[in-house]
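**Q**
In my numbering, the protein residues as written are 2 to 755.
#1: How would you write the range of the beta strand (DSSP E) that residue 555 sits in, first residue to last?
#2: In the structure shown, what three-state DSSP assignment does residue 229 receive?
#3: So, under 8 Å CB-CB, residue 380 and residue 720 are touching, yes? Tell me the CB distance rounded to an integer number of Å.
#4: For the alpha helix (DSSP H) containing residue 201, name the first residue and the last one.
#5: Can you have a look at residue 742 and say buried or exposed, based on whether 16 or more other CB atoms are within 10 angstroms of its CB?
#6: Can you tell me whether residue 537 is helix, strand or coil according to DSSP?
#7: Between 59, 310, 639 and 448, which has its C-alpha nearest residue 627's C-alpha?
#8: Can you grab the Cα-Cα spacing for the pair residue 358 / residue 59, in whole Å?
#9: Which residues in the same chain have their Cβ closer than 7 Å to the Cβ of residue 447, if we skip the five residues on either side of it in sequence?
#10: Taking the continuous alpha helix (DSSP H) assigned at residue 144, which residues delimit it?
#11: Counting only beta-carbon atoms, is residue 571 nearer than 8 Å to chain C?
#12: Would you identify the three-state DSSP class for residue 135, choosing helix, strand or coil?
#13: Buried or exposed: residue 53, going by 16 or more other Cβ atoms within 10 Å of its Cβ?
#14: Helix, strand or coil: how does DSSP classify residue 94 here?
#15: Using three-state DSSP, classify residue 359 as helix, strand or coil.
#16: Considering only DSSP beta bridges, list what residue 248 is partnered with.
#17: Within the continuous beta strand (DSSP E) that includes residue 745, where are the two ends?
#18: Straight-line CA distance for residue 737 to residue 417?
#19: With distance defined between alpha-carbon atoms, name the residue in 271, 237 and 107 nearest to residue 583.
#20: Is it the case that the Cβ atoms of residue 676 and residue 705 are separated by a distance below 8 Å?
#21: Taking Cβ to Cβ, would you say residue 695 is nearer than 8 Å to residue 613?
#22: Put residue 608 into one of helix, strand or coil per three-state DSSP.
#23: Using only the alpha-carbon positions, how far apart do residue 189 and residue 311 sit?
#24: With a cut-off of 8 Å, do at least 3 Cβ pairs link the segment 541-549 to the segment 521-532?
#25: Which residues mark the beginning and the end of the beta strand (DSSP E) in which residue 51 is found?
#26: Near residue 23, what residues of its chain come up, given a Cβ to Cβ distance below 6 Å and the 5 sequence neighbours on each side ignored?
#27: Can you have a look at residue 86 and say buried or exposed, based on whether 16 or more other CB atoms are within 10 angstroms of its CB?
#28: Determine the closest residue to residue 651 out of 698, 622, 667 and 423, with distance taken between C-alpha atoms.
#29: Do you know how far the Cα of residue 414 is from the Cα of residue 478?
#30: So the alpha helix (DSSP H) residue 120 belongs to, where does it begin and stop?
#31: Below 8 Å, how does it come out for the segment 430-449 and the segment 319-339: are there three or more Cβ pairs, yes or no?
#32: How many whole angstroms separate the CB atoms of residue 508 and residue 206, which I take to be in contact at a CB cut-off of 8 Å?
#33: In the structure shown, what three-state DSSP assignment does residue 715 receive?
#34: Cβ atoms of residue 143 and residue 133: under 8 Å apart, would you say?
#35: Along the chain, where does the alpha helix (DSSP H) that runs through residue 82 open and close?
#36: Helix, strand or coil for residue 212, going by three-state DSSP, please let me know.
As C-alpha cells, this is what we get:
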C-alpha cells in the first residue's frame, strides 16, 4: 500500500505555469524513455531481413518516445511510473485527487490488486469522514471511488475465472449452466458496491447493467437480482434456433492474450490450409503468425518467419499485391492516437517468411490509421490500396490512394483522383455498387458525414477519377460510424451497404435491453435501389439495435446462401462489458439476433473478426481477436468452430491471369436447383469487412441446393464473364481465368476437437 510518507505528489503539475509544467513532465519522461537501450538494438534476429530490423528499431523508438508514454492515455504503466516519480504535496485536496488518479491508472494498467487496495483505502477513509478528508472534495467523490472499485472487482473476476483457466465462455452472457465463476468473491464484492449505488440512485442504468452481469457470473441471475433492478433473461434473446459454436482456441494453443488488434485467416503458406495472423495494438505487442499444420495442430512461427520485432497494429488487411500467388499483409498503426505511425507492408516470400517492404514499395508516409482496403480500381490487373487516415483539429493527415505500379511500388494518386479525404476515417470499403465493372469507394468517418465516391473511369488525360455522390445516393449516416462493408445481403445481384454505429454509453445499451427507445449507436443497412441510390432499411431488417461496433465482418454461418453479420462490440471504458453480437440473415428479408443461441456473447472488447473454413468441413468458422485499449484490458483470442447446419456449399479458389492473381473484386453468381425451384446466390471476392480479414477463397453456402446449374464469374481485370458447367456440390474448386472448366481441390477434413 502507498503511504503518505512514500507517496510522491504532482503539486508542480497543479501550480506551475503551463510551460514549466510541460518542461518538468518532459524531463522525467525523457529519462524514463531513454534510460535503457532500444530493444531492437539489443537483439538482432539472424532470420530477419535488414528492412525488418529497420522497422523493428523504428517501432521501438516510437514506443520509447515521450509522446508514446505519458502523452499516450493508453500507455498506462508508463503514466503510472511518471505519477509515482513526481514530488509530494501537502495540500489535502490535491493529495486526494492524486491518490484517486494513481488508483485509476493502476486499474487501467492491469495492476488490479494494487488498485483494489488503494480504492478500498480511499473508500474507507471517505466513509469514516475523519480529519484526513478535506471538506472541499468534489461532490460525488465517494461514488466515483465505489464505482471504480466495482469495476476493479469485475476486472479481477474476469482475470481469475476467464483468463487464468483459459475459459472465455465464462465471460460470455447470458451464462450457461457450466459457466458459473468458481471464484465468486470478486463479483460478490462488486454486487455490494453496486447495491449501495443503486439504492442511492436507482435510475443509474450503467450500474444496473453491471450488477446484473455480476449476478450472472455467480449463477444467481435472474432469481437473485432484486426485481426492481433486473434485466430479464428474455432480453438477451432465444437460446434455441441456431446451433452453438465451440471455442477450440485453448486446446490448440490459439488463445493468445492481448489487447485490441486485427486478424487474418488465410492460406499464407499456400499449402491448402488456412493459417492465422493476429496483432495487438500495444506499442510493443508482437505480431503473431500461426501456421496450420493440416493435422489438427498449429505452430507459432513468428520468429522463423522473420517477424520478430514487427509489433503493434490495430488492424490487418491482406491481398496478393505483387501477383506472385502468395498473400501479403498490411499492418495498420496509429489508430486513435493522433500521432503519425508507420504502417508495414509485409511481402510474403513464399517460403514461410515475410519481408517488410514498406519503404521499398513507397508506402512509408506515416499517419494515424487503422483502416485500409485493397482493390483494383483501374482494372489493370494489380490491386491498389486506399488508406483512410485519422485527422483532427490541428492534426491533418489526408487519406491516400496508392496506385499499384505493377513493379512492387505504389504512387499516391489520391489528390489527382479526387479522394484525398480528410476526416477521422474509421472504415473504408471498395464495391461496384452500380454494376459498371469499376470499383467505387465508401468511407466511414467518425463524427462526420460518411462519403461515397463513384468511380468515373479514366479521363482524357488517362487519369482515373472519382465523384462524390454521397448526398444523391443517401448514404451519409450514421455520423458516429466505424466499420463498413458492401455485400449483397438479399441476393439480387446488386451490392448493398452496411455501416456500423459506434459511440454509445453503457446506459444506452441497458435501456435498449429493457425495451426503452434510444437512437444513438445504431447502424445503417442501405438497400441498393439499382438506380444509383440506396434506401435505409435498418429498422425493417431488424438491425436498429444500439451497438458499439468495432471489429466485425460478414459471412454465411449456416450455409443457407444469405450473408450474416458478426459484430465485435465495446468501447475503451473498462465498464463497457457488453456482449458481441451476431445477426443471422433470414432469407434476405430481415436479420435475427442469434448471439445467445450461438454462444457468441463474449463481453470482452471485440476486434478483428475473420471468417474461414479452417477445418475443411464446408462451413465457415470464426477467428476473433478480443481485448481492449488500456494495457490492463486484456483478453484471449477465440477460434469458434462451426457445428454445421446441414446445408450444401461450394468453395472457390479463383486465380486471375489478366485480372489480379487472387481475383479480388471478381463477381460470382451460383445458380442452383432447389426443391422449390432455381435460385441464384451472389458473392464478391474480398476479405470481407473493414476490421478483420477473412480468407480470399470464397466459401459459399447453397442452402437446400440439389445441384449447381451454372457458375458465372465476372473477372475484374479482363471484364469478361465466363460460365462454368458441371460444377459439383460440396467440393472445393480451383477456377482459373481463361479456362471454361473447374478443377477439383482435394481436401481432407481436419479434426480440431470440440
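Note that CB positions come from ideal geometry on N, CA and C, so glycine has one too.
It should be emphasised that the depicted structure is a prediction, and the values quoted were computed from it without experimental measurement.
**A** The short version:
#1: 550-556
#2: helix
#3: 7 Å
#4: 186-201
#5: exposed
#6: strand
#7: 639
#8: 14 Å
#9: 425, 427, 481, 482, 483 and 503
#10: 142-159
#11: The structure shown contains no chain C, having only a single protein chain.
#12: coil
#13: buried
#14: helix
#15: helix
#16: 641
#17: 743-746
#18: 34 Å
#19: 237
#20: yes
#21: yes
#22: strand
#23: 42 Å
#24: yes
#25: Careful: residue 51 lies outside any beta strand (DSSP E), inside the alpha helix (DSSP H) at 51-65.
#26: Reliability of the predicted coordinates at residue 23 is poor, the pLDDT of 32 falling under 50, and no value is obtained from them.
#27: exposed
#28: 698
#29: 27 Å
#30: 113-129
#31: no
#32: 4 Å
#33: strand
#34: no
#35: 77-86
#36: helix
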